[in-house]
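Numbering of the sequence shown is given in our numbering, commencing with residue 1 and proceeding in unit increments.
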Amino acid sequence: MPKDLRYDRTEDQSPTKASPMNQQIAPMTGAETKAARLPDAQTVTAVKHWNDRLFSFRVTRPASLRFRSGEFLMIGVLDDTARPLLRAYSLASPSWDDELEFYSIKVQDGPLTSRLQHISVGDQIIIRPKPVGSLVIDALLPGKRLYLFATGTGIAPFASLVRDPDVYQKFDQVILTHTTRTASALGYSKKLVADILSDETLSEIAGGKLWYYPTTTREETPKMGRITDLITSGELFRDLDLPPFDSTTDRVMICGSMGLNTDLKKIIEAAGLREGSNSEPGEYVLEKAFVG
Ligand SMILES: Cc1cc2nc3c(=O)[nH]c(=O)nc-3n(C[C@H](O)[C@H](O)[C@H](O)COP(=O)(O)OP(=O)(O)OC[C@H]3O[C@@H](n4cnc5c(N)ncnc54)[C@H](O)[C@@H]3O)c2cc1C
Ligand SMILES: NC(=O)c1ccc[n+]([C@@H]2O[C@H](COP(=O)([O-])OP(=O)(O)OC[C@H]3O[C@@H](n4cnc5c(N)ncnc54)[C@H](OP(=O)(O)O)[C@@H]3O)[C@@H](O)[C@H]2O)c1
């Protein structure tokens, strides 16, 4: 199995390192006392804040949990009345990893993430071990080239897939695009790809096959623009020196807002690709990165 791509723990927020986040802990105060009562409890092992709207964290993995890279499950905390407050989260870690990784938005008035953003190492959270989802290789027909189109936190399921050796066994090329409003919101995917390419085992498997195409829409970076516009103008294909979509060889996965999913679906279907599912594999699959 590939070496675990752990965070640099010197960057992690640990309970012993006081930070503004830790000082205003509301949800997890008394985690130790709550822990005993938490159903499906797992322990946080690392936390990294990417900016004021995004963070990622790792937790221990339930011994019995099996999942396919790209799936999601329900995670959460206990609310003020000690009832589980759960939301859907993509597993960002690959299926071989001995811990679980998640990449999360911070919605300041969001019921879950207004609390979850304050977790630190040693806290416990709820992981419901029932993974599901359509962003799995099994839902795609065999092909040569796999496009992974993500916006915002939609990168999470693809962070799992691009670290999965099976993906590179099934596809000659894996093109990961990530579009965000700001430059700092690309931090997670940039480190993800850099870590893969510097990992001894994964770089052998993914090197030369994994292509990364980051773009922003509201802050200047080397590549600007919505991915939908970059596809329809042909700029994406010119930049990567690839032919336009070909339904006989190209397979596509989409994960973003409802707007992105709807617009991209039209473009992909106009190119002749048909939507697949677990029961009937096709040429593309999509999933919402959030509801809203
Ligand atoms: C299949 C699926 C997988 C998901 N995977 C992830 C994931 O891996 N990481 C993640 O951060 N969220 C993910 N979400 C969204 C997640 O379930 C929650 O909505 C999110 O954690 C916010 O929870 P909340 O209770 O704080 O606010 P909510 O009441 O759930 O949301 C409040 C509002 O915040 C906005 N919002 C919510 N989630 C996001 C987001 N991810 N990005 C941008 N805006 C958002 C929406 O406008 C929403 O109406 C996923 C949702 C679905 C349906
Ligand atoms: N990101 C922030 O800094 C920020 C700050 C405060 C509040 N919010 C709120 O948080 C919510 C989610 O924000 P988010 O930035 O995480 O996700 P988002 O609004 O889905 O944007 C992420 C990326 O997807 C692009 N995009 C959105 N719709 C698209 C479409 N139909 N086709 C192609 N590309 C599309 C956006 O481009 P465009 O920029 O062109 O839309 C942006 O680059 C929004 O409701 C927003 O109002 C976000």
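No residue lacks a Cβ here, since even glycine has one placed at the ideal position from N, Cα and C. Fair warning: this is a prediction, and the values are worked out from it, not measured in the lab.
So what's A92 in DSSP terms, helix, strand or just coil? Reading the sequence shown from its first residue, position 92 is the one you call residue 92. Three-state result, A92: coil.
For A88 versus F72, is the C-beta distance shorter than 8 Å? As a first step, residue 88 is located in the sequence shown; it is residue number 88 there, counting from the start. As a first step, residue 72 is located in the sequence shown; it is residue number 72 there, counting from the start. In contact: A88 and F72 (Cβ atoms closer than 8 Å).
List the residues that DSSP assigns as beta-bridge partners of F55. Translated into the one-based positions of the sequence shown, residue 55 becomes position 55. Paired residue(s): H49 and S104.
L230 beta carbon near ligand 2 (any heavy atom closer than 7 Å): Position 230 of the sequence shown, counted from the first residue, corresponds to residue 230. Taken from the Cβ of L230, every heavy atom of ligand 2 lies 7 Å or farther away.
Specify the secondary structure class of I75 as computed by DSSP and reduced to three states. To locate residue 75, count along the sequence shown from 1; it is residue 75. Three-state result, I75: strand.
For ligand 2, is there any heavy atom lying closer than 7 Å to the beta carbon of D293? With the chain covering only 1 through 292, there is no way to say anything about residue 293.
For D98, count the other beta carbons within 10 Å of its own beta carbon; 16 or more makes it buried, fewer makes it exposed. Which is it? For the purposes of this step, residue 98 is taken as residue 98 along the sequence shown, with counting starting at 1. Exposed is the call here.
If you draw a straight line from the C-alpha of E32 to the C-alpha of L116, how long is it? As a first step, residue 32 must be located in the sequence shown, where it is residue number 32. As a first step, residue 116 must be located in the sequence shown, where it is residue number 116. With a pLDDT of only 44 at E32, under 50, the local geometry of the prediction cannot be trusted, and no value is derived from it.
Backbone secondary structure at A63 - three-state DSSP: If you number the sequence shown from 1, residue 63 lands on position 63. In this structure, A63 counts as coil in the three-state DSSP scheme.
Should L112 be counted as a contact of ligand 1 given a C-beta to heavy atom distance under 7 Å? Taking the sequence shown and counting its residues from 1, the one referred to as residue 112 is at position 112. Distances from the CB of L112 to the heavy atoms of ligand 1 include at least one below 7 Å.
Can you list, in chain order, the residues of its chain with a C-beta nearer than 8 Å to that of E220? Leave out the 5 residues immediately preceding and following it. To locate residue 220, count along the sequence shown from 1; it is residue 220. A distance below 8 Å between beta-carbons, with the five flanking residues on each side excluded, links E220 to the following residues of its chain, in chain order: A183.
Between the beta-carbon of D138 and the beta-carbon of P281, is there less than 8 Å? Within the sequence shown, the letter at position 138 stands for residue 138. Within the sequence shown, the letter at position 281 stands for residue 281. Their beta carbons are under 8 Å apart, which means D138 touches P281 by this criterion.
Quick one: what does DSSP say A31 is sitting in, helix, strand or coil? In the sequence shown, counting from the first residue as 1, residue 31 sits at position 31. Here the model assigns A31 a pLDDT of 47, short of 50, so the residue's position is not dependable and the matter cannot be decided.
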